[in-house]
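For reference, the structure is listed below as structure tokens.
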Amino acid sequence: EAQVTQNPRYLITVTGKKLTVTCSQNMNHEYMSWYRQDPGLGLRQIYYSMNVEVTDKGDVPEGYKVSRKEKRNFPLILESPSPNQTSLYFCASSFGAVHTEAFFGQGTRLTVV
Amino acid sequence: RKEVEQDPGPFNVPEGATVAFNCTYSNSASQSFFWYRQDCRKEPKLLMSVYSSGNEDGRFTAQLNRASQYISLLIRDSKLSDSATYLCVVNREADTGGFKTIFGAGTRLFVKA
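Just so you know, the sequences run in chain order A and B. Going by the working numbering, the first residue of the first sequence is number 1365, and it counts up by one from there. Going by the working numbering, the first residue of the second sequence is number 13, and it counts up by one from there.
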């Protein structure tokens, strides 16, 4: 089954404790993105990757890191999480960057206390 | 001002009604346009792509006006199952040469029996 898989689905952590949210897709897509969704603000792009070893900042990259060592995986790293990073996070992948459908993971609800 | 703007609603309509959503985008370099649907706390899913010539998929019609930088979605004969948040999405080239995806904050629709 074609899908984007995020883990964990839910996470409660403490300020400053490094964490990684994994994202994996099995559709051989080149373009992958991370978004955060907050009430009233919609989805905002954190980072995106056009292909392996090619990543770029979205609109809200501060406090986040990503890597794209393999085509299928695009982990999101929070080196020192803070409460303002409490949010619903979505990973997405698509065949290309434009004119193509994006497929989303089921989301990761992160709470930083 | 947000780069992609939508009326947040909510729109409360009876079953069978016709409802129209609007979206405006500010960057004239935007290249591709979509409507996504998001159910509560779930991942967004593609509803339809939007083209200048207009496109229709069953009860749904989408239209793009590049001159006015305006996108619309029309839902005819509303069903209870149409209740969701509708997201306007735009792709454009980023300053660094990649491609960014920008979401509107969404328009909430409630269809009542």
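Where a beta carbon is used, it is the ideal one built from N, C-alpha and C, also for glycine.
With 16 other Cβ atoms within 10 Å as the buried cut-off, status of residue i
i: A/M1391; result: exposed
i: B/S90; result: buried
i: B/Y63; result: exposed
i: A/L1474; result: buried
i: B/Y37; result: buried
i: A/V1378; result: exposed
i: B/K112; result: buried
i: B/R71; result: exposed
i: B/L76; result: buried
i: B/G118; result: buried
i: B/L99; result: buried
i: A/C1387; result: buried
i: B/S40; result: exposed
For residue i, the nearest candidate out of the options (CA to CA)
i: B/K54; options: A/L1474, A/T1475, A/Q1470; result: A/Q1470
i: A/E1443; options: A/V1385, A/P1372, A/R1373, A/T1472; result: A/V1385
i: A/F1467; options: A/R1432, A/L1452, A/Q1389; result: A/Q1389
i: A/W1398; options: A/Q1370, A/P1445, A/E1434, A/T1377; result: A/Q1370
i: B/M60; options: B/E17, B/L86, B/T108; result: B/L86
i: A/I1441; options: A/K1435, A/V1368, A/K1381; result: A/K1381
i: B/F122; options: B/L58, B/G21, B/S84, B/R13; result: B/G21
i: A/G1406; options: B/G109, B/F111, B/K112, B/K14; result: B/K14
i: A/R1436; options: A/Y1453, A/S1458, A/R1400; result: A/S1458
i: A/T1472; options: A/S1431, A/L1375, A/A1461; result: A/L1375
i: B/G109; options: A/P1439, A/S1413, A/F1438; result: A/S1413
i: B/I131; options: B/S42, B/T30, B/A29; result: No statement about residue 131 of chain B is possible, as the shown extent of chain B runs from 13 to 125 and does not include it.
i: B/K57; options: A/Y1411, A/T1464, A/V1476; result: A/T1464
i: A/G1453; options: A/E1434, A/V1462, A/P1425; result: First, the residue type needs correcting, since residue 1453 of chain A is Tyr and not Gly in the sequence shown. Among A/E1434, A/V1462, A/P1425, the Cα nearest to that of A/Y1453 belongs to A/P1425.
i: B/D107; options: A/G1460, A/D1420, A/S1451; result: A/D1420
i: B/S95; options: B/D19, B/R49, B/S44; result: B/R49
i: A/P1445; options: A/K1433, A/F1438, A/G1427, A/C1455; result: A/G1427
i: A/P1447; options: A/F1438, A/V1418, A/V1477; result: A/V1477
i: A/D1423; options: A/Y1411, A/K1429, A/V1430; result: A/Y1411
i: A/R1408; options: B/R78, B/N103, B/A125; result: B/N103
Strand pairing of residue i, partner residues [DSSP]
i: B/C52; result: According to DSSP, B/C52 bridges with nothing at all.
i: A/T1464; result: Its beta-bridge partners do not exist; DSSP assigns none.
i: B/Q18; result: B/C35
i: A/A1366; result: In the DSSP output, where bridge partners are listed per residue, A/A1366 has none listed.
i: A/R1473; result: A/Y1374, A/L1452
i: B/L58; result: B/Y48
i: B/F122; result: B/N24
Handout entry: Cβ-based contacts, 7 Å cut-off: residues of the segment 1383 to 1404 of chain A near chain B
Key = Residues S1397, G1404.
Problem - Sequence ranges, beta strand (DSSP E) only - wholly within the segment 1372 to 1452 of chain A, length at least 3 - result: Within the segment 1372 to 1452 of chain A, the complete beta strand (DSSP E) runs of at least 3 residues fall at 1374 to 1377, 1383 to 1389, 1395 to 1402, 1406 to 1415, 1418 to 1421, 1440 to 1442.
Handout entry: Contact set between the segment 101 to 120 of chain B and chain A, restricted to residues whose Cβ is under 9 Å from the partner
Key = Going along the segment 101 to 120 of chain B in chain order, one finds V101, N103, R104, E105, A106, T108, G109, G110, F111, K112, T113, I114, F115, G116, A117, G118 with a Cβ nearer than 9 Å to chain A.
Practice task
At 3 residues or longer, and completely inside the segment 24 to 50 of chain B: list those beta strand (DSSP E) runs for me, N to C.
Solution key: The segment 24 to 50 of chain B contains these whole beta strand (DSSP E) runs: 31 to 37, 44 to 50.
Exercise for the section: Select from the segment 33 to 55 of chain B all residues with a C-beta closer than 7 Å to any C-beta belonging to chain A, and list them in chain order. Expected result: Answer in chain order: Q43, S44, E55.
Exercise for the section: For the segment 1410 to 1439 of chain A, enumerate the residues whose C-beta is nearer than 7 Å to any C-beta of chain B, in chain order. Expected result: Considering only beta carbons, the part of the segment 1410 to 1439 of chain A lying closer than 7 Å to chain B consists of Y1412, M1414, D1420, G1422, in chain order.
Handout entry: In chain order, each beta strand (DSSP E) run of at least 3 residues that lies wholly inside the segment 62 to 114 of chain B
Key = Unbroken beta strand (DSSP E) runs of no fewer than 3 residues, entirely contained in the segment 62 to 114 of chain B, are found at 67 to 69, 72 to 77, 82 to 87, 96 to 105, following chain order.
Exercise for the section: Give the residues from the segment 1461 to 1472 of chain A that approach chain B closer than 9 Å (Cβ to any Cβ), ordered along the chain. Expected result: Within the segment 1461 to 1472 of chain A, the residues whose Cβ lies closer than 9 Å to some Cβ of chain B are A1461, V1462, H1463, T1464, E1465, A1466, F1467, F1468, G1469, Q1470, G1471, listed in chain order.
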